[in-house]
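For reference, the structure discussed in these notes is given below.
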Amino acid sequence: MQRSRWFLTSVLAVAALVAATTPAATPAAEASASKSVRFATFNASLNRAQAGQLVADLSTPDNAQAREAAEVIQRNRPDVLLVNEFDYVPGNAAADLFRKNYLGVGQNGAAPIDYPYAFTAPANTGVPTGFDLDRNGKVEGGNDAHGFGTFEGQYGMLVLSKYPIDIAAARTFQRFRWVDMPDALLPDDPATPAKGDWYSPEILNVLRLSSKSHWDLPIRVAGSDVHFLVSHPTPPVFDGPEDRNGTKNHDEVRFWADYVTPGKAGYIYDDRGGRGGLGPRDRFVVAGDNNADQHDGDGIDGGIERLLRAPRVIDPHPGSLGGAQAARDQGGANTTHRGPAFLDTGDFADNTPGNLRVDYVLPSHGLVPWRAEVFWPLPDSPLARLNDASDHRLVRVDVLVPRWF
Numbered sequence: 104m105q106r107s108r109w110f111l112t113s114v115l116a117v118a119a120l121v122a123a124t125t126p127a128a129t130p131a132a133e134a135s136a137s138k139s140v141r142f143a144t145f146n147a148s149l150n151r152a153q154a155g156q157l158v159a160d161l162s163t164p165d166n167a168q169a170r171e172a173a174e175v176i177q178r179n180r181p182d183v184l185l186v187n188e189f190d191y192v193p194g195n196a197a198a199d200l201f202r203k204n205y206l207g208v209g210q211n212g213a214a215p216i217d218y219p220y221a222f223t224a225p226a227n228t229g230v231p232t233g234f235d236l237d238r239n240g241k242v243e244g245g246n247d248a249h250g251f252g253t254f255e256g257q258y259g260m261l262v263l264s265k266y267p268i269d270i271a272a273a274r275t276f277q278r279f280r281w282v283d284m285p286d287a288l289l290p291d292d293p294a295t296p297a298k299g300d301w302y303s304p305e306i307l308n309v310l311r312l313s314s315k316s317h318w319d320l321p322i323r324v325a326g327s328d329v330h331f332l333v334s335h336p337t338p339p340v341f342d343g344p345e346d347r348n349g350t351k352n353h354d355e356v357r358f359w360a361d362y363v364t365p366g367k368a369g370y371i372y373d374d375r376g377g378r379g380g381l382g383p384r385d386r387f388v389v390a391g392d393n394n395a396d397q398h399d400g401d402g403i404d405g406g407i408e409r410l411l412r413a414p415r416v417i418d419p420h421p422g423s424l425g426g427a428q429a430a431r432d433q434g435g436a437n438t439t440h441r442g443p444a445f446l447d448t449g450d451f452a453d454n455t456p457g458n459l460r461v462d463y464v465l466p467s468h469g470l471v472p473w474r475a476e477v478f479w480p481l482p483d484s485p486l487a488r489l490n491d492a493s494d495h496r497l498v499r500v501d502v503l504v505p506r507w508f
């Protein structure tokens, strides 16, 4: 029933958009028309091994990988974009270089694209906890940081927008502690009878939930705000039987499910002390590399489902023929997957875990998704070379933002 209502609403909204943008449309109709906005997420793998290296690479226009990533963005032309794995550099220094030297320059015949607005903020990657989180007998390195990273800000996030970002109203949740989530799925020490006891009370007193951060960025569209809710949870692997990364991934994804559901977000606080989540009439788009597939992979069952099935979330099921073809060509673990390869967004090792759907763009009720795609060119496409830009594919969803909401 919900899918039928969504489909009917989409058809009517598209018809309204077409009618309002034809030459015969009256000024009154144009004033009340919906605005079509393309939201996207792209894990561009623009992280670097050392602090400062990304700025050095972006300081000239000839870094091959950055050019490919820029071309992917130019070919898809999102209006509002989350870039995952973009090292954090204060003052938007790396973001400005990427906009000037790569996005602002046409790549291989693609038209340049301009983003007047950009947002970056500190991430938890590489920030030391002072504790031996992985119990290897040493307190050092990425495994003992709040989020895995060899330096602070590695694998950070960047939001680019053609629409104004209300920086003053932006909320970041970098310092939210994992233990402050009710019924947190804390990792368990299998050698003891107690539950959820891998981390001591002293560790839990400081350990943050976000591997990078969670951001709520109000984007001003059609006279009102659309909250762009972005994050990049840890992969649910690279740990042991305690499943410390799997449990953290589960709860990082759950954070947004609670945040957008009235009555569920009272426990949440931001980095400035503000509490709670979104209101019942707030419109939003959740986006990011969630490192969780609903059917396959190593994520804990029920994690991503909790977000996909949150009462106000719409899953428009973006897909691609390229993803379906890749699963057939690569075989391996893909032959045993339960989920449809058409929805895959990540091209991972063939034997394990295979290709997965891990990148999401999820609009809310009050917005009308009318087109959704994964940019995964088929092997015989002239753009198939762009599949090498990252092991993730850009995911985009076009939504109508009604002015009359």
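Take the sequence shown: its letters are residues 104 to 508, numbered as in the numbering used here.
Here a beta-carbon is modelled for each residue, glycine too, at the ideal position from N, C-alpha and C.
*Leaving aside the five residues before and after residue 477 along the sequence, list all residues of the same chain whose C-beta is less than 7 Å from its C-beta, in chain order.*
Here the set comprises 421, 422, 423, 426, 448, 496 and 498.
_Rounding to the nearest angstrom, what Cα-Cα distance links residue 417 and residue 305 in this structure?_
The C-alpha of residue 417 lies about 39 Å from the C-alpha of residue 305.
_DSSP-derived helix/strand/coil call for residue 146_ = strand
*Could you tell me whether the Cβ atoms of residue 171 and residue 492 are closer together than 7 Å?*
yes
*Run through the region 293-361 for me and flag every whole alpha helix (DSSP H) of 4 or more residues, listed as ranges in chain order.*
304-307
_For a test of the three-state rule: what should DSSP assign to residue 215, helix, strand or coil?_
coil
*asked:* Restricting to Cα atoms, I'd like to know which of 211, 500, 189 and 430 is closest to residue 331.
replied: Considering only alpha carbons, the answer is 500.
_For residue 223 and residue 128, the rounded distance between their alpha carbons_ = Note that residue 128 has pLDDT 38, beneath the 50 cutoff, so the model's placement of it is unreliable and no number is given.
*asked:* Which residue marks the beginning of the alpha helix (DSSP H) containing residue 447, and which one marks its end?
replied: No alpha helix (DSSP H) contains residue 447, which DSSP labels as neither H nor E.
*With a cut-off of 8 Å on the beta carbons, I'd call residue 339 and residue 314 a contact; round off their distance for me.*
Rounded, the Cβ-Cβ distance is 11 Å, inconsistent with contact.
*Kindly identify the DSSP beta-bridge partner or partners of residue 187.*
146 and 260, per the DSSP bridge assignment.
*Mark residue 153 as exposed unless 16 or more other C-beta atoms lie within 10 angstroms of its C-beta, in which case mark it buried.*
By the 10 Å Cβ count, residue 153 comes out exposed.
*asked:* Could you compute how far the alpha carbon of residue 290 sits from the alpha carbon of residue 372?
replied: 23 Å
*Classify residue 479 as helix, strand or coil using the three-state DSSP reduction.*
coil
*asked:* Is the beta carbon of residue 410 closer than 7 Å to that of residue 360?
replied: yes
*Between the CA atoms of residue 262 and residue 512 - distance to the nearest angstrom*: Nothing can be reported for residue 512: it is not among the residues displayed for the chain, which extend from 104 to 508.
*By how many angstroms is the C-alpha of residue 434 removed from the C-alpha of residue 453?*
When only Cα atoms are considered, residue 453 and residue 434 end up about 7 Å apart.
*residue 270: buried (16+ other C-beta within 10 angstroms of its C-beta) or exposed?*
exposed
_Residues bridged to residue 386 [DSSP beta-bridge criterion]_ = 329
*Anyone know if the C-beta pair for residue 504 and residue 265 falls short of 7 Å?*
No, the Cβ-Cβ distance between residue 504 and residue 265 is not below 7 Å.
*asked:* Given this structure, state the Cα-to-Cα distance separating residue 458 from residue 401, to the nearest angstrom.
replied: Their backbone Cα atoms lie some 12 Å apart in a straight line.
*Taking residue 201 as part of the alpha helix (DSSP H), name the residues at either end of that continuous run.*
196-201
*Beta-carbon gap between residue 259 and residue 226 smaller than 7 Å*: yes
*Throw me the rounded Cβ distance for the residue 441 and residue 406 pair, which I believe falls under 8 Å.*
Not quite, the Cβ-Cβ distance comes to about 16 Å (not below 8 Å), so this is no contact.
*Give the single residue among 484, 285 and 321 whose Cα lies nearest to the Cα of residue 366.*
285
_Can you tell me which residues form a DSSP beta bridge with residue 464?_
390
_Between the alpha carbons of residue 481 and residue 239, how many angstroms are there, rounded?_
44 Å
_Residues that residue 137 bridges to, as DSSP identifies them_ = 505
*asked:* Using only the alpha-carbon positions, how far apart do residue 345 and residue 237 sit?
replied: Cα to Cα, the separation comes out at about 10 Å.
*Enclosing alpha helix (DSSP H) for residue 430 [first to last residue]*: Going by DSSP, residue 430 is part of the alpha helix (DSSP H) stretching over 424-433.
*asked:* On the criterion of 16 or more Cβ atoms from any shown chain inside 10 Å, does residue 464 qualify as buried, or is it exposed?
replied: buried
*Measure the C-alpha to C-alpha separation of residue 352 and residue 302 and round it to an integer number of angstroms.*
16 Å
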